[in-house]
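Down below is the structure, laid out as structure tokens.
Protein chains: 4
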Amino acid sequence: MTHALQMLETHPRRSAVPSVALVECIDACFDCSQSCTACADACLGEDDVGILIRCIRLCQDCSDTCATTGRILSRQTEFAPPLALAMLQSCADACRRSAEECELHAHHHEHCRVCADACRRCEDACRETLSSLAV
Amino acid sequence: MTHALQMLETHPRRSAVPSVALVECIDACFDCSQSCTACADACLGEDDVGILIRCIRLCQDCSDTCATTGRILSRQTEFAPPLALAMLQSCADACRRSAEECELHAHHHEHCRVCADACRRCEDACRETLSSLAV
Amino acid sequence: MTHALQMLETHPRRSAVPSVALVECIDACFDCSQSCTACADACLGEDDVGILIRCIRLCQDCSDTCATTGRILSRQTEFAPPLALAMLQSCADACRRSAEECELHAHHHEHCRVCADACRRCEDACRETLSSLAV
Amino acid sequence: MTHALQMLETHPRRSAVPSVALVECIDACFDCSQSCTACADACLGEDDVGILIRCIRLCQDCSDTCATTGRILSRQTEFAPPLALAMLQSCADACRRSAEECELHAHHHEHCRVCADACRRCEDACRETLSSLAV
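Laid out in structure tokens, this is it:
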């Protein structure tokens, strides 16, 4: 359980995005940032680290991108839709790339399977928020 | 629901801290980082922003400290207990300061009440992890 | 003086972007991330904070976006041009918005004038790197 | 050249630390955060990545710790010396650990030699600022 929904509902400014989609997206960004940091590190601890280099790199980029996107979406005062749109597109793209790479290793490494799941959840949430903002 | 527990359970290295305490601490760090970013921003959108300056500043510092602590704890490969201990102490301290300041404004601003709750949860989780590591 | 140039020159993988442009962009991202954090905080300490709310918000978003862009560009192993392109566009956009807002306050607040300068430097560096990558 | 000195000199609040030491510390934190991200990534691109695992992990932790410390020091409004002290101690410690590990690989990998230099500069700057604050 996170405090994201309560934080959004008690914010003095009204959100430009429906609360349910926005809270899911914020939660998914912070969760995916954590999973990707953990997966990059788990890959680093594997014996076959040599074939996981691309996975580590993409997970690190995805973790940073999700962290920034989650923060930008958490700020509703003077919310700037165009900047949010650009970051959401970068974030959905970073999540898709990490997910695709993690899926290649999912049969050998359970952490890649779990991380791919977190990335797909975040990719979907970003696309959902994008379509809310674009309306 | 976050993926932190599954990420920890599928990590190739064994954690130096019992999983239950560690997962709660990781989740609390990411959650508190989000709440503090949101609370600093909500304060910025209030009419009485002038009396919330200290609250904004402490929440910003707490958000950054929790983000870094959550990442360090998510890395279990070549885990360095002394560095984790130092960050956990900084983090517990940052959470306590934000909580105390938010509590001063909790009767006027619901987001400060909610954020104080996230900060206290994270402070407690850091202290719990500290005592596990110190054993 | 930063160590960015030396770090790039000693990296085992060859960069997809000419070193001069890339190092300037990395330096500008970290510098702008610092300036924007400092400017948001300086605005918060001003007596007329009420008219600086939008400036504070845009500087915070810009600081986070620059930090993530600077990190992604610092990673040259398995470099993914499409992800870098997307972040560079988000970053140039965030820098432009912060610069425009800071410029509105530059006559009253010197820190906004200095921060606008850091933002314009970073916006230019991102656009330069974008054109190198797009070739 | 960074904008950190100008940002500090134009800030409305007077710093609790002499400007020269503080600016050097802020610059060193952002520089070391960049170097450590780049060194972790350069290690990942080396053929002997297997013996660099500990170096990668320590550099990643150091990069995050320096980023947070650099941000906290950049905020002078309602500056809280005890929190800054705790983070400076964590940061000096993280820099020392990264430097020591990088120094072990400095003869084989130039990026480790350069990164160790950035870490030692930041460790020194943190200790200098600590002694200014402790007075």
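Residue numbers (our numbering), protein chains in the order written: chain A, 764 to 898; chain B, 764 to 898; chain C, 764 to 898; chain D, 764 to 898.
Beta carbons are placed, not taken as given, at the ideal position from N, Cα and C, and that holds for glycine.
Just tell me which of the options has its CA closest to the CA of residue i.
i      : options                        : result
A/C885 : A/T840, A/D810, A/T832         : A/T832
D/D856 : D/P781, D/V780, D/L771, D/D827 : D/D827
Is the beta carbon of residue i sitting closer than 8 angstroms to the one on residue j?
i      : j      : result
A/V812 : D/V812 : yes
B/S778 : B/C825 : no
B/C829 : B/C792 : yes
A/C822 : A/C799 : yes
A/A801 : A/I819 : no
C/M850 : A/S837 : no
B/A843 : B/L896 : no
A/T765 : B/L807 : no
Could you pull out every residue in the same chain whose Cβ sits closer than 8 angstroms to the Cβ of residue i, ignoring the five residues on either side in sequence?
i      : result
C/C882 : C795, S798, C799, C825, C858, R859, S861, A862, C865
A/H871 : D811
D/I835 : L846, A847, M850
A/H874 : A801, C802, A805, C806
Below 6 angstroms CB to CB, which residues in the same chain sit around residue i once its five sequence neighbours on both sides are set aside?
i      : result
B/T767 : A quick correction: the sequence has Ala, not Thr, at residue 767 of chain B. Excluding positions up to five away in sequence, the list reads V786, I789, D790.
C/R876 : A869
D/Q769 : none
Quick one: residues in its chain with C-beta nearer than 7 angstroms to the C-beta of residue i, no 5 flanking neighbours on either side, listed in chain order?
i      : result
C/L815 : C806, E809, H868
D/L771 : S778, S782, L785, V786
D/R817 : E864
D/V780 : T892, S895, L896
A/D887 : none
Checklist line | At least 3 beta-carbon pairs within less than 8 angstroms: the region 767-778 of chain D vs the region 886-895 of chain C | finding: no
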